[in-house]
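Asker:
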Ligand SMILES: Cc1cc2nc3c(=O)[nH]c(=O)nc-3n(C[C@H](O)[C@H](O)[C@H](O)COP(=O)(O)OP(=O)(O)OC[C@H]3O[C@@H](n4cnc5c(N)ncnc54)[C@H](O)[C@@H]3O)c2cc1C
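Residue numbers (our numbering): 131 to 544.
(1) In or out: residue 179 buried (at least 16 other Cβ within 10 Å) or exposed?
(2) Quick check: is any heavy atom of ligand 1 less than 6 Å from the C-beta of residue 179?
(3) Please list, in chain order, all residues of the same chain as residue 386 whose beta carbon is under 8 Å from its beta carbon, the five residues on each side excluded.
(4) Closer than 7 Å, CB to CB, is residue 217 near chain C or not?
(5) Please list the segments of the alpha helix (DSSP H) lying wholly inside the segment 387-448, counting only runs of 4 or more residues, in order along the chain.
(6) Going straight from the alpha carbon of residue 362 to that of residue 193, what length do you get?
(7) Given residue 325, which residues of its chain have a CB within under 7 Å of its CB, disregarding the five upstream and five downstream residues?
(8) Since I believe residue 305 is in contact with residue 299 (beta carbons under 8 Å), could you give me their beta-carbon distance rounded to a whole number of angstroms?
(9) Looking at ligand 1, does it come within less than 6 Å of residue 308, judged from the CB to the closest heavy atom?
(10) With 16 as the cutoff for other CB atoms within 10 Å, does residue 311 come out buried or exposed?
(11) In the DSSP assignment, find the alpha helix (DSSP H) that holds residue 328 and state where it starts and stops.
(12) State the beta-bridge partners of residue 348 as determined by DSSP.
(13) Reducing DSSP to helix, strand and coil, say where residue 472 ends up.
(14) For residue 339, count neighbouring C-beta atoms within 10 Å of its own C-beta (all shown protein chains included) and say buried if the count is 16 or more, exposed if not.
(15) Considering residue 264, what are the terminal residues of the alpha helix (DSSP H) in which it resides?
(16) Whole angstroms are fine: how far does the CA of residue 258 sit from the CA of residue 287?
(17) Are residue 160 and residue 431 close, meaning C-beta to C-beta below 7 Å?
(18) By Cβ distance below 6 Å, which residues in the same chain neighbour residue 399 in space, the five residues on each side in sequence not counted?
(19) Please check the pair residue 341 and residue 364, which I expect to be a contact at CB under 8 Å, by giving their CB distance rounded to whole angstroms.
(20) For the beta strand (DSSP E) that contains residue 315, what are its first and last residues?
(21) From residue 601 to residue 383, what distance separates their C-alpha atoms?
(22) By DSSP, does residue 300 sit in helix, in strand, or in coil?
(23) Using DSSP with H/G/I as helix, E/B as strand and the rest coil, what is residue 487?
(24) Label residue 323 either buried or exposed according to how many other C-beta atoms from any shown protein chain fall within 10 Å of its C-beta, with 16 as the threshold for buried.
(25) Between which two residues does the beta strand (DSSP E) containing residue 273 stretch?
(26) Between the segment 147-161 and the segment 171-178, are three or more C-beta pairs nearer than 8 Å?
(27) Compare the C-alpha of residue 453 against each of 422, 317, 166 and name the closest.
(28) Residues in its own chain within less than 6 Å of residue 237 by CB, not counting five upstream and five downstream?
(29) Mind reading off the beta-carbon distance from residue 424 to residue 302? Whole number of angstroms is fine, and I expect it under 8 Å.
(30) Who pairs with residue 246 in a beta bridge, going by DSSP?
(31) Hey, quick one: how far does the beta strand (DSSP E) through residue 371 stretch, first residue to last?
(32) Is any heavy atom in ligand 1 found nearer than 6 Å to the beta carbon of residue 367?
(33) Would residue 211 and residue 145 be called neighbours here (beta carbons separated by less than 7 Å)?
(34) For the segment 242-250 against the segment 195-205, are there 3 or more C-beta pairs whose distance is under 8 Å?
(35) Which same chain residues end up closer than 6 Å to residue 356 when comparing Cβ atoms and leaving out the 5 residues on each side of it in sequence?
(36) Assuming residue 293 is part of the beta strand (DSSP E), what are its boundary residues?
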């Protein structure tokens, strides 16, 4: 028997283990999505979350928001989550991108790809609440919160999991959905490739003078991208990436001076920004786990990979991880396969890697494209953006890519 200990505690002896079908560590948006996708699969699922997520309010909205691309809205619809979220989601019908030099600039309209929207903006807390509401439809999913895993022992035949409450579980598979600083990944001795941007993303809700009409704005400054995203009641959310020092300075400014700095960079779009709510900042890192699966262990969402938020695609990747893993588990069960076996988990990994790697590479390329400040490069970049703005087919392809509409539509989980 090969035993892989995932923590330093001793094996648990002479105790009774309760057999379950799946343990998920972390009930953020991605862990909840996996459980929601599997809620009617007839599996006993235990979801362990260490703390109820607190919303950080800014002008009454959660300052953490996510742009959910249209391809992933289709996933949320097919899993029944969307019906709990739709009323709270703000459609985004167009996007305007320009750079720090005022050269060129592109506008994307959903109508150019025959869609009504490019995607939707949702408050993270609303997506979490919608996913939890979906889980209530099933008695097969146990959401334990607050709860912690204190030890994990991976054997050839299954995983033994000890919870802080004293409960002991045995499962064929444990999934790490516990975020970028994944405890499970660390305890399994899985290292990461990491790129520290030495930047922070400042987030806040702001009020523009005029209505946003469902348009998102993104300006690529030499110091980092600044996004203005449409939300409810005419409000917008900002994600302003800047060096750690600059971000700290911006955070320390009184509201009126912060508004001045913000309006200077946004150049008066929407008639100027007239109010800002509480600000928060998050360190920005790109990270890829060196192993996404191990025998009886799989990583999903930020535990497997995290990216710069400049295109707002992080949780979008995670939602697709959750769907693909759910499909592999259901298929394995149908064909009497052990879904914790690494051969099944490798199918999940191989399906997901091309999407994850392509997104990571394009985020890095985009970041470099807009941070290089050589004069010749700036001219070239401006010309490139102008050309793209005029090239219908290239632009359509880019839009299909960034909205996830060219990805295979995941099968419904039954
Ligand atoms: C400024 C900023 C803006 C962003 N904007 C966007 C956007 O517009 N669109 C987009 O797609 N993405 C965006 N992202 C990325 C997105 O927020 C993440 O990709 C997403 O939150 C990852 O979800 P997750 O569920 O994998 O991890 P997390 O959201 O980190 O959730 C992990 C969960 O696991 C729990 N947990 C952790 N450790 C343990 C443990 N030991 N035991 C039990 N539970 C545990 C945590 O409490 C948490 O609930 C942005 C990120 C930043 C920083």
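Here a beta-carbon is modelled for each residue, glycine too, at the ideal position from N, C-alpha and C.
Answerer: The structure says:
(1) buried
(2) yes
(3) none
(4) Given the protein chain composition of this structure (a single chain), no chain C is represented.
(5) none
(6) Each residue's alpha carbon lies about 13 Å from the other.
(7) 415, 416
(8) In fact, because the Cβ distance is near 13 Å, the residues do not count as touching under 8 Å.
(9) yes
(10) Here residue 311 is exposed, its C-beta having fewer than 16 other C-beta atoms within 10 Å.
(11) That residue, residue 328, is in no alpha helix (DSSP H); its beta strand (DSSP E) goes 322-338.
(12) 227, 357
(13) helix
(14) Here residue 339 is exposed. Its C-beta has fewer than 16 other C-beta atoms within 10 Å.
(15) Run containing residue 264: 254-265, per the alpha helix (DSSP H) assignment.
(16) 33 Å
(17) yes
(18) So the qualifying residues of the chain are 347.
(19) 5 Å
(20) For residue 315, no beta strand (DSSP E) encloses it; the enclosing alpha helix (DSSP H) starts and ends at 313-317.
(21) The shown model of the chain, from 131 to 544, leaves out residue 601, and the question about it has no answer.
(22) Residue 300: strand per DSSP, three-state reduction.
(23) In the displayed model, residue 487 falls within a helix according to three-state DSSP.
(24) exposed
(25) 271-274
(26) yes
(27) Residue 166 is the option with its Cα nearest to residue 453.
(28) 226
(29) That belief does not hold up - the Cβ atoms of residue 424 and residue 302 are roughly 14 Å apart, past 8 Å.
(30) DSSP, once it has assigned bridges, lists no residue as partnering residue 246.
(31) 366-373
(32) no
(33) Their beta carbons are not under 7 Å apart, which means residue 211 does not touch residue 145 by this criterion.
(34) yes
(35) Short of 6 Å from the beta carbon of residue 356, and not among the five residues preceding or following it, lie these beta carbons of its own chain, in chain order: 349, 370, 395.
(36) Per DSSP, residue 293 belongs to the beta strand (DSSP E) from 289-293.
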